[in-house]
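Listed in order, the protein sequences are those of chains F and H. Our numbering applies: residue 62 is where the first sequence begins, and numbers increase by one. Our numbering applies: residue 159 is where the second sequence begins, and numbers increase by one. Don't be surprised by glycine CBs; every beta carbon is placed ideally from N, CA and C. Structure first, commentary second.
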Amino acid sequence: MAVKDYLRERFFPHMWCPGCGHGTVLNGLVHAIEKLGMSKNEIVMVSGIGCSSRISGYVDFHTMHTLHGRALAFATGIKLSKPELNVIVPMGDGDALAIGGNHFIHAARRNIAMTALVMNNRIYGMTGGQYSPLSGYGTIATTAPYTNIDQGFDVAALSMAAGATFVARTTVYHVHEVADLIQQAILHDGFSVVEVLSQCPTYFGRHNRLGGPVEMLQWFKDNTTRIGSKAAAENPELIQRGIFMQADKPEYCTEYDKIVEQAMAAAKA
Amino acid sequence: MAKRKLKEHHIQREWCKGCGICVAFCPKQVLEMDACDKAVAVRLEDCIACEMCALRCPDLAIRVDVEKA
């Protein structure tokens, strides 16, 4: 199937601002699905609220647009009732880690097979540029005009500590990596987290004087490096990209089925 | 590796929001913004069909067809 066949073209042009990185994440996602050769019927996309979560409206899979931060809870219900489906949960940084922080860590802890896609633009774009748990210390936001004094989360470290079994990070500048990591995350049997650094030129870029979308993409290029590269050893300030963790642990739905079997056997005995 | 050859470069003007990402990161400077702030491919003879414009386009407005060897 061509990439376009996975889109709901009637809703284009999409509602994201000019130069918003979320469109590039959508682009990478549909390329990943196309490379996997999946049928639209084997994929469910569950999203919450925010600019990023609007992504579910543009893809022609089974989609569900749910409550702010609760996408993973809805996705858990879907996966448990139909484990044969591939569940993808795109979330913004605030959606995933502020409002949905608890759902996020517990879904990771259970190691339920789904792909959590954290589209991290470091700000709440839809509501006007408030700081998020990923804005980071020293940044400017509508609600932090004198700089933000909150420290940011490290999504990769948090996910690993919470128990996710596939953890990766990339940026929208590195588009081949976006498609490749999403592919691997979908194929992984367990809770996968892919953090994609994305630009919000409208709020984060403007408040922090980072220039337009082109300059922000250039920033991703200049300030990130592959895990374990020479540049990373020389400059610890660089953000590392790649797969941080890929482990094999019992998957939740498989384990749940075993419990059902045991209970049925016990009831018969 | 066989050299990739461009078959067709297609820009859907109604979808393009004129962010300029494709123009800035094209390795061969094939693209430019026109008077309406929409991307146009002005030097197609230089295109190496790397598809980076199509992959990076946040508006999913670019499609690059590559000739099959």
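Can you find a CB in chain A that lies within less than 7 Å of the CB of residue i?
i: Phe122 of chain F; result: Going by chain labels, chain A is absent from the structure shown, which instead holds the protein chains F and H.
Given that residue i touches chain F, what residues does it touch there, using C-beta distances under 8 Å?
i: Cys184 of chain H; result: Correct list: empty, because the minimum Cβ distance to chain F is about 12 Å.
Using CA atoms only, rank isn't needed, just tell me which of the options is closest to residue i.
i: Gly82 of chain F; options: F:Asp250, F:Thr203, F:Val239; result: F:Val239
i: Ala184 of chain F; options: F:Ala202, F:Leu87, F:Lys140, F:Ala174; result: Note that residue 184 of chain F is Ile in the sequence shown here, rather than Ala. The shortest Cα separation from Ile184 of chain F among F:Ala202, F:Leu87, F:Lys140, F:Ala174 belongs to F:Ala202.
i: Met152 of chain F; options: F:Glu145, F:Pro144, F:Ala229, F:Leu133; result: F:Leu133
i: Gln161 of chain H; options: H:Cys205, H:Ile220, H:Asp217; result: Per the sequence presented here, residue 161 of chain H reads as Lys, with Gln not at that position. The option with the nearest alpha carbon to Lys161 of chain H is H:Cys205.
i: Asp318 of chain F; options: F:Tyr264, F:Gly272, F:Leu141, F:Gly190; result: F:Leu141
i: Met99 of chain F; options: F:Val148, F:Arg71, F:Arg115; result: F:Val148
i: Trp77 of chain F; options: F:Ser114, F:Asp66, F:Gly138, F:Leu97; result: F:Ser114
i: Val91 of chain F; options: F:Ser117, F:Gly111, F:Cys112; result: F:Ser117
i: Tyr234 of chain F; options: H:Val181, H:Ala193, H:Ile169, H:Leu213; result: H:Leu213
i: Ala219 of chain H; options: F:His75, F:Cys112, F:Tyr198; result: F:His75
i: Gly199 of chain F; options: F:His167, F:His237, F:Gly186, F:Phe265; result: F:Phe265
i: Ile94 of chain F; options: F:His164, F:Leu242, F:Met277; result: F:Leu242
i: Ala218 of chain F; options: F:Ile300, F:Ser193, F:Thr137; result: F:Ile300
i: Cys215 of chain H; options: F:Gly155, F:Pro79, F:Phe135, F:Lys143; result: F:Pro79
i: Cys112 of chain F; options: F:Leu97, F:His129, F:Gly89, F:Met277; result: F:His129
i: Val257 of chain F; options: F:Thr315, F:Phe135, F:Gly251, F:Leu278; result: F:Leu278
i: Lys96 of chain F; options: F:Phe214, F:Arg270, F:Tyr67, F:Arg71; result: F:Tyr67
i: Thr127 of chain F; options: F:Lys143, F:Val107, F:Asp211; result: F:Val107
i: Asp217 of chain H; options: F:Val150, F:Ala136, F:Val86, F:Thr137; result: F:Val86
i: Glu316 of chain F; options: F:Asp250, F:Gly89, F:Asp215, F:Phe165; result: F:Asp250
i: Gly186 of chain F; options: F:Lys143, F:Ala205, F:Thr263; result: F:Thr263
i: Asp154 of chain F; options: F:Asn163, F:Pro194, F:Lys143; result: F:Pro194
i: Gln244 of chain F; options: F:Asn88, F:Arg71, F:Lys65; result: F:Asn88
i: Tyr119 of chain F; options: F:Phe72, F:Asn163, F:Phe135; result: F:Phe72
i: Ile179 of chain H; options: F:Pro297, F:Val236, F:Ala326; result: F:Val236
In the DSSP assignment, the alpha helix (DSSP H) including residue i goes from what residue to what residue?
i: Lys329 of chain F; result: 313-329
i: His75 of chain F; result: First-last for His75 of chain F: undefined, no H or E at that position.
i: Thr137 of chain F; result: 132-142
i: Pro216 of chain F; result: Reading the sequence as shown, one finds Val at residue 216 of chain F and not Pro. Residues 216-223.
i: Asn182 of chain F; result: Premise fails: Asn182 of chain F is in no alpha helix (DSSP H) and is neither H nor E.
i: Glu295 of chain F; result: 291-295
i: Glu209 of chain H; result: Segment: none, Glu209 of chain H is in no alpha helix (DSSP H) and carries neither H nor E.
i: Phe281 of chain F; result: 274-284
i: Glu172 of chain H; result: Run containing Glu172 of chain H: none; DSSP gives neither H nor E here.
i: Glu190 of chain H; result: Premise fails: Glu190 of chain H lies in the beta strand (DSSP E), 189-191, not in any alpha helix (DSSP H).
i: Leu248 of chain F; result: 236-248
i: Asn269 of chain F; result: Careful: Asn269 of chain F lies outside any alpha helix (DSSP H) and carries neither H nor E.
i: Cys180 of chain H; result: 179-183
i: Phe265 of chain F; result: From DSSP, Phe265 of chain F is part of no alpha helix (DSSP H); its letter is neither H nor E.
Taking residue i as the query, report the chain H residues whose CB atoms sit under 7 Å from its CB, ordered along the chain.
i: Gly82 of chain F; result: Pro216
Run down chain F in chain order and give the residues with a C-beta less than 9 Å from the C-beta of residue i.
i: Leu213 of chain H; result: Thr85, Asn88, Gly89, His92, Val236, His237, Val239, Ala240
If residue i sits next to residue j, beta carbons under 8 Å apart, how far is it from one beta carbon to the other, in whole angstroms?
i: Gly303 of chain F; j: Ala229 of chain F; result: 7 Å
i: Gly19 of chain F; j: Arg131 of chain F; result: Nothing can be reported for residue 19 of chain F, as the shown portion of chain F is limited to 62 through 330.
i: Cys177 of chain H; j: Pro274 of chain F; result: 5 Å
i: Ala223 of chain F; j: Ala174 of chain F; result: Incorrect: roughly 16 Å between the Cβ atoms, too far for contact.
i: Arg171 of chain F; j: Asp121 of chain F; result: Incorrect: roughly 29 Å between the Cβ atoms, too far for contact.
i: Ser259 of chain F; j: Asn182 of chain F; result: 5 Å
i: Ala157 of chain F; j: Val179 of chain F; result: 5 Å
i: Thr232 of chain F; j: Thr285 of chain F; result: 6 Å
i: Ala197 of chain H; j: Val181 of chain H; result: 6 Å
i: His268 of chain F; j: Gly189 of chain F; result: At roughly 11 Å, the Cβ-Cβ gap does not stay under 8 Å, so His268 of chain F and Gly189 of chain F are not in contact.
i: Ala207 of chain H; j: Lys175 of chain H; result: The pair is not a contact, with the Cβ atoms about 24 Å apart (cut-off 8 Å).
i: Ile288 of chain F; j: Phe305 of chain F; result: 7 Å
Going by DSSP, what residue range makes up the beta strand (DSSP E) through residue i?
i: Met125 of chain F; result: 123-126
i: Met152 of chain F; result: 147-153
i: Met306 of chain F; result: 300-307
i: His168 of chain H; result: 163-169
i: Leu202 of chain H; result: From DSSP, Leu202 of chain H is part of no beta strand (DSSP E); its letter is neither H nor E.
i: Asp223 of chain H; result: 220-225
i: Ile104 of chain F; result: 104-108
i: Glu256 of chain F; result: 252-258
i: Arg230 of chain F; result: 227-232
Using a C-beta to C-beta distance shorter than 9 Å, which residues of chain H count as neighbours of residue i?
i: Phe73 of chain F; result: Gln170, Glu172, Trp173, Asp217, Leu218, Ala219
i: Leu12 of chain F; result: With chain F covering only 62 through 330, there is no way to say anything about residue 12 of chain F.
For residue i, return the contacting residues in chain F, with the cut-off set at a CB-CB distance below 7 Å.
i: Cys205 of chain H; result: The premise fails here: Cys205 of chain H is roughly 17 Å from chain F at the closest Cβ pair, so nothing lies under 7 Å.
i: Cys177 of chain H; result: Pro79, Gly80, Pro274
Given residue i, which residues of its chain have a CB within under 6 Å of its CB, disregarding the five upstream and five downstream residues?
i: Val254 of chain F; result: Ala177, Ser220, Ala225, Val228
i: Val105 of chain F; result: His123, Ile139, Leu146, Val148
i: Ala246 of chain F; result: Thr176, Phe227, Ser253, Val255
i: Gln307 of chain F; result: Phe227
i: Leu271 of chain F; result: Met277
Starting from the C-beta of residue i, find all residues in its chain whose C-beta is less than 7 Å away, skip the five residues before and the five after it, and write them out in chain order.
i: His167 of chain H; result: Ala199, Leu202, Cys205, Val222
i: Lys165 of chain H; result: Asp223, Val224, Glu225
i: Asp283 of chain F; result: none
i: Lys101 of chain F; result: Tyr67, Asp121, Phe122
i: His164 of chain F; result: Gly130, Arg131, Leu133, Ala134
i: Ile169 of chain H; result: Ala197, Val198, Ala199, Ala219, Ile220
Just to make sure I have the definition right: I need the residues of chain H whose C-beta is within less than 8 Å of the C-beta of residue i. Which are they?
i: Leu97 of chain F; result: Neighbours of Leu97 of chain F on chain H: none; closest Cβ ~16 Å, over 8 Å.
Within the same chain, show all residues whose beta-carbon is closer than 8 Å to that of residue i, passing over the 5 residues directly before and after it, in chain order.
i: Asn209 of chain F; result: Tyr192, Ser196, Gly197, Tyr198, Gly199, Thr200, Ile201, Ala202
i: Glu103 of chain F; result: Glu145, Leu146, Asn147
i: Lys310 of chain F; result: Asn172, Gly224, Thr226, Gly251
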